[in-house]
Amino acid sequence: MFGVWAPGEEVAKLTYFGIYALQHRGQEAAGIAVSDGSGVVVYKDVGLVSQVFDEPTLASLRGHLAVGHARYSTTGGNNWENAQPTIKATTSGTTIALAHNGNLVNTAELAREVAERGLDGGSDGSTTDTSLVTTLLASYPDLSVEQAALQVLPRVRGAFSFVFMDENTLYAARDAAGVRPLVLGRLERGWVVASETAALDICGASVVREVEPGELIAIDEDGLRSVRFATPDPKGCLFEYVYLARPDTTINGRNIYSARVQIGRELAKEAPVEADLVIPVPESGTPAAIGYAEASGITYGQGLLKNAYVGRTFIQPSQTIRQLGIRLKLNPLRENVRGKRIVVVDDSIVRGNTQRAIVRMLRESGALEVHVRISSPPVRWPCFYGIDFATRAELIANGLDTEGIRRAIGADSLGYISLAGLISATEQPKTRLCRACFDGEYPIALPADDMIGKHVLEGVGRRVSVGMPSVPAQVAEGGAPGPSPDHELENDEADLVASPGGGDKPHHS
Ligand code: SF4
Numbered sequence: 299m300f301g302v303w304a305p306g307e308e309v310a311k312l313t314y315f316g317i318y319a320l321q322h323r324g325q326e327a328a329g330i331a332v333s334d335g336s337g338v339v340v341y342k343d344v345g346l347v348s349q350v351f352d353e354p355t356l357a358s359l360r361g362h363l364a365v366g367h368a369r370y371s372t373t374g375g376n377n378w379e380n381a382q383p384t385i386k387a388t389t390s391g392t393t394i395a396l397a398h399n400g401n402l403v404n405t406a407e408l409a410r411e412v413a414e415r416g417l418d419g420g421s422d423g424s425t426t427d428t429s430l431v432t433t434l435l436a437s438y439p440d441l442s443v444e445q446a447a448l449q450v451l452p453r454v455r456g457a458f459s460f461v462f463m464d465e466n467t468l469y470a471a472r473d474a475a476g477v478r479p480l481v482l483g484r485l486e487r488g489w490v491v492a493s494e495t496a497a498l499d500i501c502g503a504s505v506v507r508e509v510e511p512g513e514l515i516a517i518d519e520d521g522l523r524s525v526r527f528a529t530p531d532p533k534g535c536l537f538e539y540v541y542l543a544r545p546d547t548t549i550n551g552r553n554i555y556s557a558r559v560q561i562g563r564e565l566a567k568e569a570p571v572e573a574d575l576v577i578p579v580p581e582s583g584t585p586a587a588i589g590y591a592e593a594s595g596i597t598y599g600q601g602l603l604k605n606a607y608v609g610r611t612f613i614q615p616s617q618t619i620r621q622l623g624i625r626l627k628l629n630p631l632r633e634n635v636r637g638k639r640i641v642v643v644d645d646s647i648v649r650g651n652t653q654r655a656i657v658r659m660l661r662e663s664g665a666l667e668v669h670v671r672i673s674s675p676p677v678r679w680p681c682f683y684g685i686d687f688a689t690r691a692e693l694i695a696n697g698l699d700t701e702g703i704r705r706a707i708g709a710d711s712l713g714y715i716s717l718a719g720l721i722s723a724t725e726q727p728k729t730r731l732c733r734a735c736f737d738g739e740y741p742i743a744l745p746a747d748d749m750i751g752k753h754v755l756e757g758v759g760r761r762v763s764v765g766m767p768s769v770p771a772q773v774a775e776g777g778a779p780g781p782s783p784d785h786e787l788e789n790d791e792a793d794l795v796a797s798p799g800g801g802d803k804p805h806h807s
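Per the working numbering, numbering through the sequence shown is continuous, rising by one, with the last residue being 807.
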C-alpha cells in the first residue's frame with residue numbers, strides 16, 4: 299500500500315512507483331485512487347502494476363492526493379471486483395477509497411452488521427473484508443470520515459494496515475497489534491505513507507516514523523493529526539523478517555537484510571554441517587546463505603540461477619514447459635554444483651514441493667550431497683493475519699518431524715533455525731512479535747472455523763448483499779477484467795513456478 303498527500307506533485311506517478319516498489323507484497327491486482335479535491339477516481343485491474351498502468355492512464359489521474367495498492371488475496375477471490383482500492387460513496391456525497399494490507403478475523407460479524415443496517419455491502423460484486431470496512435466507513439453521512447473511522451476502527455478485529463482517502467484528506471490506520479508494517483514519510487511538499495520504507499526511498503521521501511499500532515493519522519491542508527483508537531499491544535509479524543519484507547526495508551529499527559544475514563549466522567551455529575559450498579535459493583534465501591557461509595567458514599557461491607521474470611508473465615505455460623516444473627523458475631549452475639557437498643539455504647518450507655524439486659535438481663546436476671538449511675522454524679500453523687499459507691493439513695511440518703521432512707524432500711540432512719534463534723536475530727522482544735505460524739499462539743483471538751477463511755464472504759457475503767440498495771460510486775474502470783493470474787501449474791513442483799508470490803511460499807494481501 300502507498301498513499302501520498304502532496305499538492306503540486308504528480309501524485310499518481312509517485313503512487314505508481316510506490317506500489318511498483320511494493321510489488322513483491324502482492325501480484326494479483328493493482329489500483330490507484332486520486333482526488334483533485336472535487337472527486338475521487340479509482341483505476342484498478344487484475345495484473346501487475348506495470349501491466350495495469352501506462353503513461354496515458356497515469357496522466358489522466360490528476361490530483362493532489364492518492365492511494366495505491368498491489369494485491370494478493372487472503373479474503374475473497376482474485377477478480378476485478380476485489381481489486382483495491384475499494385471505493386464507496388456516502389449519501390452526503392463524500393467518496394471514500396481504501397486500501398488494506400492484512401486480514402480481518404471478524405469479517406462475518408462485519409458482514410452481519412452491514413446486512414442488519416441495510417447497507418450496500420456487495421452489490422459491486424466484492425467479497426472482501428476490505429470492502430466491508432469501506433462500506434461501514436461510508437455509512438455515517440452525518441459524521442466526517444475521520445469521525446466515522448473512530449466509530450468503525452475499534453470494531454474491526456484482525457490484522458489491518460489501512461491507507462484511505464476522501465476528496466481532501468489522506469488517512470492511515472494500523473491495528474492495535476501492528477501486525478503488518480506501515481510507515482510515515484516526508485516529501486519536500488507533502489507526506490507519504492507506505493507498507494515498507496523501501497517504497498519511501500523510491501520516491502525520495504524521508505522516513506519520519508512508523509504509524510503506531512492503534513493509531514489513526516489524517517493528513518490534509520491543516521497538517522497531520524494523530525488519534526489513538528485502540529490501546530497498542532504490538533505483535534509485529536515475525537515472517538516479515540524471514541521472507542515477506544524487502545531486504546532494503548527497515549521494520550522497527552531493524553534492517554531486514556541485516557536480520558536475515560544474522561539469521562544465517564545463527565543457523566550455521568545451530569545446524570552445522572561439513573560441506574564444500576553454501577548456495578542460496580534465490581532471492582529470498584540469499585542473505586541467510588551469506589550469513590551461514592560467513593559463520594561456518596564454508597565458501598559461498600551461486601548454484602541456482604533465477605529467471606527473474608517468470609513470475610511476471612500471465613502467459614499460460616504450454617504442456618511441455620509445464621512439465622519442466624521448477625526449471626521455469628530456477629536453473630542449476632552445474633559447473634558450480636558438480637562433485638560438491640552443497641548446503642542450500644532457503645527461507646521456509648511450507649508444503650515441501652519446492653525443496654523436493656530443488657534437491658532433485660541439484661543431485662541431477664552432480665552434487666555429491668545436498669544439505670538443506672531453513673532460515674525459519676517449521677511452519678506448523680496457518681496464518682489468519684494476511685499471509686495465505688496452505689491449510690494446516692497441507693503444511694508438511696504439521697504431520698512430519700524434521701527427519702520425516704528430510705526424507706520427504708530427499709535431502710542428506712535438514713536443519714531449521716530455532717524460534718529463539720530467529721527472534722534474537724530480529725532484535726525485537728519476543729512479546730512484541732506474532733509467531734503464531736511457528737508456535738500456534740495467536741495474539742488476536744480467532745472466531746469459530748466456519749467464520750474465517752479466504753472465502754468466508756463467498757458464503758456469508760453473497761447472502762447479505764441480496765436486495766440491498768446500491769449507492770453509486772465514481773469508478774473509472776480499468777477496462778474489462780484482465781487475464782486471470784490464476785495460472786497455477788498442475789504438476790507436483792508447480793507451486794514454486796506458478797504462484798505470483800514465489801511458489802511454495804506464502805502469499806498475502
Ligand atoms: S501467523 Fe506467522 S505469518 Fe501470520 S502474522 Fe503471525 S508470524 Fe506473521
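We put the CB at the ideal spot given by N, CA and C, even for glycine.
Predicted, not measured: the structure shown is a model, and the values here were computed from it.
Is residue i near the ligand SF4, going by C-beta to nearest heavy atom under 7 Å?
{"i": "I640", "result": "no"}
{"i": "Y683", "result": "yes"}
{"i": "V670", "result": "no"}
{"i": "F458", "result": "no"}
{"i": "A734", "result": "yes"}
{"i": "F300", "result": "no"}
{"i": "F537", "result": "yes"}
{"i": "V648", "result": "no"}
{"i": "V477", "result": "yes"}
Given this structure, state the Cα-to-Cα distance separating residue i from residue j, to the nearest angstrom.
{"i": "V769", "j": "V509", "result": "Residue placement at V769 cannot be trusted, given a pLDDT of 29 that sits under 50; the coordinates are not used to answer."}
{"i": "S594", "j": "S673", "result": "15 Å"}
{"i": "P585", "j": "I715", "result": "14 Å"}
{"i": "L575", "j": "Q560", "result": "19 Å"}
{"i": "E667", "j": "D710", "result": "6 Å"}
{"i": "E308", "j": "E701", "result": "55 Å"}
{"i": "R632", "j": "D546", "result": "30 Å"}
{"i": "A723", "j": "R558", "result": "8 Å"}
{"i": "Q653", "j": "I647", "result": "7 Å"}
{"i": "L359", "j": "V339", "result": "8 Å"}
{"i": "D440", "j": "E725", "result": "46 Å"}
{"i": "S459", "j": "C535", "result": "12 Å"}
{"i": "P630", "j": "G713", "result": "22 Å"}
{"i": "A706", "j": "A688", "result": "17 Å"}
{"i": "K728", "j": "A718", "result": "8 Å"}
{"i": "A387", "j": "A436", "result": "6 Å"}
{"i": "D343", "j": "R415", "result": "30 Å"}
{"i": "I317", "j": "F300", "result": "6 Å"}
{"i": "D352", "j": "A497", "result": "19 Å"}
{"i": "L485", "j": "A470", "result": "16 Å"}
{"i": "T432", "j": "T384", "result": "7 Å"}
Under the assumption that residue i contacts residue j (Cβ atoms under 8 Å), give the Cβ distance between them as a whole number of angstroms.
{"i": "V450", "j": "L468", "result": "About 17 Å separates the two Cβ atoms, so there is no contact after all."}
{"i": "Q382", "j": "H367", "result": "4 Å"}
{"i": "A364", "j": "I330", "result": "6 Å"}
{"i": "R515", "j": "F462", "result": "It is Ile, not Arg, that sits at residue 515 in the sequence shown. Not quite, the Cβ-Cβ distance comes to about 11 Å (not below 8 Å), so this is no contact."}
{"i": "A573", "j": "V506", "result": "A573 to V506, Cβ: 45 Å. No contact."}
{"i": "N401", "j": "A447", "result": "In fact, because the Cβ distance is near 19 Å, the residues do not count as touching under 8 Å."}
{"i": "V571", "j": "H669", "result": "5 Å"}
Per DSSP, what kind of secondary structure is residue i in: helix, strand or coil?
{"i": "N380", "result": "helix"}
{"i": "M299", "result": "coil"}
{"i": "R507", "result": "strand"}
{"i": "P578", "result": "strand"}
{"i": "G589", "result": "helix"}
{"i": "L731", "result": "strand"}
{"i": "E513", "result": "strand"}
{"i": "L626", "result": "helix"}
{"i": "V443", "result": "helix"}
{"i": "S348", "result": "helix"}
{"i": "I694", "result": "helix"}
{"i": "I596", "result": "coil"}
{"i": "I330", "result": "strand"}
{"i": "L468", "result": "strand"}
{"i": "A743", "result": "coil"}
{"i": "Y438", "result": "coil"}
Chain C beta carbons: is any one of them nearer than 8 Å to that of residue i?
{"i": "A709", "result": "Absence of chain C from the displayed structure is noted, only one protein chain being present."}
What residue ranges within the region 360 to 414 form continuous beta strand (DSSP E) runs of no fewer than 3 residues, ordered along the chain? 363 to 369, 384 to 387 and 393 to 402
With a floor of 4 residues, list each alpha helix (DSSP H) that falls wholly inside the region 482 to 566, ordered by position along the chain. List check, alpha helix (DSSP H) in window: 495 to 500.
Which runs of the beta strand (DSSP E) spanning at least 3 residues fall entirely within the region 640 to 691, listed in chain order? 667 to 672
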